[in-house]
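**Student:** At position 484 of the sequence shown (counting the first as 1) the number is 557 in our numbering, and the numbers step up by one without a gap.
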Amino acid sequence: MERQAGRIILLWGWRRALVAFLAGALAVLAQAPYDFFAVCFVSFPLLVWLLDGATGEASDGFLRRLRPAFAVGWWFGFGYFLAGLWWVGSALLVEADSFAWALPFAVVGIPLALAFFYGFAAVVARLLWSNDIGRIAALAFGFALAEWLRGFLFTGFPWNAVGYAAMPVPLLMQSVSVTGMVGMNALAVFVFALPALLAARQHLRLGAALLVVLVAAHAGFGYIRLAAPEKPAAHSLDVRIVQPAVDLTEKWDASVRDRIFATMMGLSAKAPEPGHDRPQLILWPETSVPFLFTERPDALPAIGEMLGDGQMLVAGVVREEGGSAARSRYYNSVVAIDDRGEIVDAVDKVHLVPFGEYLPFADLLGRFGLEQLVAGPMTFAAGNERHPITLPGGIRALPFICYEVIFSDLVAVDATSAELIVNVTNDAWFGDTPGPYQHFRQAQIRAVENGVPLLRAANNGISAVVDPRGRIVDALAIDARGAIDVRVPISNQAIVSSSQRRINGMLIMFLLAVAACILNVRQRLRAN
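1. In chain order, what residues of the same chain lie with their CB nearer than 7 Å to the CB of I376, ignoring the 5 residues before and after it?
2. Helix, strand or coil: which one does DSSP assign to Q316?
3. Flag this pair as touching only if the region 555-570 and the region 309-328 have three or more C-beta atom pairs under 8 Å; answer yes or no.
4. Using only CA atoms, which one of D412, F453, A327 and I416 lies nearest to H424?
5. Is it buried or exposed for R199, if we count other Cβ within 10 angstroms and need 16 for buried?
6. Among all the DSSP beta bridges, which residues are the ones paired with N405?
7. Look at the alpha carbon of A156 and the alpha carbon of V497, and state the distance between them as a whole number of angstroms.
8. Roughly how far, in whole angstroms, is the beta-carbon of V112 from the beta-carbon of L124, given that I think they are within contact range, below 8 Å?
9. Please work out which residues of its chain come closer than 6 Å, Cβ to Cβ, to Q517, disregarding the five sequence neighbours upstream and downstream, and give them in chain order.
10. List in chain order: all unbroken beta strand (DSSP E) runs of 3+ residues lying wholly within the region 264-325.
11. Assign I557 to one of three DSSP states: helix, strand, or coil.
12. Is S536 helix, strand or coil when you go by DSSP?
13. Quick check for students: name the residue ranges of the alpha helix (DSSP H) that lie wholly in the region 206-240, counting only runs of 4 or more.
14. Tell me, which residues are paired with P562 by DSSP?
15. Tell me where the alpha helix (DSSP H) around F154 begins and ends.
16. Where does M582 sit, in a helix, a strand or coil, going by DSSP?
17. For V390, which residues from the same chain have a beta carbon less than 6 Å from its beta carbon, with the 5 sequence-adjacent residues on both sides left out?
18. Does the Cβ of K343 have 16 or more other Cβ atoms within 10 Å, making it buried, or fewer, making it exposed?
19. First and last residue of the alpha helix (DSSP H) that includes R519?
20. Within 8 Å, do at least three Cβ pairs link the region 254-267 to the region 569-585?
21. Who are the Cβ neighbours of V242 in its own chain at under 6 Å, not counting the five residues just before and after it?
22. Starting from the Cα of V181, find the closest Cα among G150, I206, I209 and W202 and give me that residue.
23. Would you identify the three-state DSSP class for M337, choosing helix, strand or coil?
24. Note the first and the last residue of the continuous beta strand (DSSP E) segment covering A470.
25. Assign W502 to one of two classes, buried (16 or more other C-beta atoms within 10 Å of its C-beta) or exposed (fewer than that).
26. Would you call the region 215-226 and the region 268-275 in contact, with 3 or more CB pairs under 8 Å?
27. How long is the line joining the alpha carbons of A96 and V167, rounded to whole angstroms?
28. Roughly how many angstroms lie between the CA atoms of G146 and L83, to the nearest whole one?
29. Taking three-plus beta-carbon pairs below 8 Å as touching, is the region 516-530 in contact with the region 477-493?
30. If you measure between the beta carbons of W202 and N593, is that distance less than 8 Å?
31. Is the beta carbon of V196 sitting closer than 8 Å to the one on L139?
32. Could you give the residue range of the beta strand (DSSP E) that holds D547?
33. Taking all protein chains shown into account, do 16 or more other C-beta atoms lie within 10 angstroms of the C-beta of F109, making it buried, or fewer, making it exposed?
34. The ligand MN and P231: does any heavy atom of the ligand fall closer than 7 Å to the residue's C-beta?
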């Protein structure tokens with residue numbers, strides 16, 4: 074092992090960049106749908122050894138000495154995000170005549186930009202570097218800090234955070250209910266990078282002990298939580314989730330809108346599955362209604378006739394405000410419709426997708442002929458706030474539209490705010506690629522974090538009911554058209570509050586930084 078590590082440390086130029094790139098790309102196999110987390114025990118030690126050799130000349134200035142470390146982290150990140158996000162280009166091929174030109178910008182440009190976060194992580198780690206286990210703590214702190222920043226800088230895009238690699242199954246998901254994603258990102262990198270100690274053998278026993286203890290604690294806590302009896306449900310909700318699998322080339326085609334609407338109505342009105350009661354709640358996916366209700370005044374009465382007494386439909390729609398086409402504002406929304414065919418509540422999407430649902434700096438970029446790429450025939454405005462929707466039985470559900478559900482801090486559901494998470498999405502843009510699986514995994518983790526059930530409806534993708542411990546109760550696969558009926562027990566099983574999770578995660582990150590600083594200072598004192 075020492076010989077192999079030495080060769081990697083001494084790599085230079087394009088060879089060092091290539092190994093960093095391949096190590097990052099390999100790490101993607103730990104994410105859904107592959108879930109082969111063992112590869113991270115190769116990728117992150119490789120990154121440690123590459124950073125061991127990423128030193129500048131003593132005569133260089135401060136920033137120039139950090140350039141080799143930044144380059145290693147950047148190439149690692151470029152490989153990671155290119156291999157993990159290539160499927161984004163599928164959305165541009167839905168209307169290839171208009172948007173195929175943007176394919177290289179999306180497939181390569183997004184990874185190029187996101188790689189800067191991992192370059193930053195490597196620089197932070199290198200500032201605290203030492204020759205022993207301290208560098209493992211430094212790397213974990215650097216990545217945790219970078220992933221935290223990735224959650225909100227430039228509107229945020231925390232997709233495929235490294236912590237998800239340590240949570241492929243419900244047994245290994247439970248720790249996030251205490252550490253939050255900040256803590257999970259830090260601990261995952263720390264554990265994955267520990268085998269790098271095999272090369273120099275310094276702190277090897279300590280590293281092996283920490284590896285065994287942390288992995289055992291992670292799996293053991295999951296086992297205990299899954300085996301523990303569940304809290305008695307205060308009440309339950311009979312739910313039907315509809316997945317229409319509408320072809321996106323037809324989504325806004327006026328000639329087939331009636332057919333799409335009829336399909337949705339037919340799936341919603343069918344008799345309950347054997348062993349299930351009539352659903353109290355019917356859930357439709359994001360922008361599932363293929364027209365504006367203002368254009369089709371007959372639609373709401375038809376929905377009211379379809380619904381039985383006491384039933385409610387929660388549907389993703391495009392909502393219009395304004396009296397004329399020139400002044401209209403459009404919102405990507407979730408609406409609740411009662412059995413009289415009346416909209417009783419609405420929640421607008423707050424966190425929009427840049428370039429997909431709106432064009433940042435629209436006036437400036439519009440001068441160069443740029444326009445939004447994939448959302449539909451209109452530009453959306455962001456909602457002002459999110460609030461729970463009251464469902465039948467007084468159950469409060471907090472709705473999140475599409476990729477809003479990947480933001481851990483945004484999906485902070487406490488017992489006082491809601492008892493249920495609802496996620497409506499349209500992953501048909503990405504076909505049968507890793508994208509919909511990755512999206513679903515992140516939604517699944519939100520249920521575990523908050524200790525409440527998740528209802529998820531996708532136009533195409535993965536529609537599912539997930540219990541508070543991350544177990545899939547029932548689901549529809551990609552390309553399946555149909556509906557599932559599930560009785561959902563409603564009980565809050567959160568271990569700590571969302572604010573306490575945030576504190577715990579920051580504390581883990583802080584302790585790693587302190588450990589790295591102490592060992593870095595000790596090494597400097599010995600050298601002097």
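Virtual Cβ for every residue (Gly too), placed ideally from N, Cα, C.
**Tutor:** According to the structure data:
1. Working through the sequence shown from its first residue, we reach residue 376 at position 303. Here the set comprises L386, I410 and G414.
2. Position 243 of the sequence shown, counting from 1, holds the residue named residue 316. Strand.
3. yes
4. The residue given as residue 424 occupies position 351 in the sequence shown. Minimum Cα distance to H424 is reached at F453.
5. If you number the sequence shown from 1, residue 199 lands on position 126. Answer is buried; the Cβ neighbour count reaches 16.
6. Taking the sequence shown and counting its residues from 1, the one referred to as residue 405 is at position 332. DSSP output for N405 lists V391 as bridge partner(s).
7. Your numbering for residue 156 matches position 83 in the sequence shown. Your numbering for residue 497 matches position 424 in the sequence shown. One C-alpha to the other measures close to 26 Å.
8. Within the sequence shown, the letter at position 39 stands for residue 112. Within the sequence shown, the letter at position 51 stands for residue 124. Going by Cβ atoms, the distance from V112 to L124 rounds to 19 Å, so no, they are not a contact pair.
9. For the purposes of this step, residue 517 is taken as residue 444 along the sequence shown, with counting starting at 1. The answer, listed in chain order, is V539 and G543.
10. 308-316
11. Position 484 of the sequence shown holds residue 557. Three-state DSSP puts I557 in a strand.
12. In the sequence shown, the residue the question calls residue 536 occupies position 463. Strand, per DSSP.
13. 207-223
14. Residue 562 sits at position 489 when you count from the first residue of the sequence shown. S309.
15. As a first step, residue 154 is located in the sequence shown; it is residue number 81 there, counting from the start. Where F154 is concerned, the enclosing alpha helix (DSSP H) stretches over F135 to L158.
16. Stepping through the sequence shown from its first residue, residue 582 is reached at position 509. Reduced to three states, the DSSP call for M582 is helix.
17. In the sequence shown, counting from the first residue as 1, residue 390 sits at position 317. Same-chain partners within the cutoff: V362, S406 and V408.
18. Translated into positions along the sequence shown, residue 343 becomes position 270. Counting Cβ neighbours within 10 Å, K343 comes out exposed, since fewer than 16 surround it.
19. Locating residue 519 in the sequence shown gives position 446, where the first residue counts as 1. It spans P507 to N523 - the alpha helix (DSSP H) in which R519 sits, taken as one unbroken run.
20. yes
21. Here residue 242 refers to the residue found at position 169 when the sequence shown is read from its first residue. Counting only Cβ-Cβ distances below 6 Å, and skipping sequence neighbours, we find nothing.
22. As a first step, residue 181 is located in the sequence shown; it is residue number 108 there, counting from the start. Among G150, I206, I209 and W202, the Cα nearest to that of V181 belongs to G150.
23. In the sequence shown, the residue the question calls residue 337 occupies position 264. If DSSP states are grouped into helix, strand and coil, M337 belongs with the helices.
24. On the sequence shown, residue 470 is found 397 positions in, with the first residue counted as 1. Per DSSP, A470 belongs to the beta strand (DSSP E) from R469 to I474.
25. Taking the sequence shown and counting its residues from 1, one reaches residue 502 at position 429. With 16 or more Cβ atoms within 10 Å of its Cβ, W502 is classed as buried.
26. no
27. Position 23 of the sequence shown, counted from the first residue, corresponds to residue 96. Position 94 of the sequence shown, counted from the first residue, corresponds to residue 167. Distance between the alpha carbons of A96 and V167: 32 Å.
28. For the purposes of this step, residue 146 is taken as the residue at position 73 of the sequence shown. For the purposes of this step, residue 83 is taken as the residue at position 10 of the sequence shown. Cα to Cα, the separation comes out at about 16 Å.
29. yes
30. Here residue 202 corresponds to residue number 129 of the sequence shown, with the count starting at 1. Here residue 593 corresponds to residue number 520 of the sequence shown, with the count starting at 1. For W202 and N593, yes; Cβs fall inside 8 Å.
31. Looking up residue 196 in the sequence shown gives position 123. Looking up residue 139 in the sequence shown gives position 66. For V196 and L139, yes; Cβs fall inside 8 Å.
32. On the sequence shown, residue 547 is found 474 positions in, with the first residue counted as 1. Run containing D547: I545 to L549, per the beta strand (DSSP E) assignment.
33. As a working mapping, residue 109 is identified with position 36 in the sequence shown. Flag for F109 reads exposed.
34. Ligands displayed in this structure: none; no statement on the ligand MN is therefore possible.
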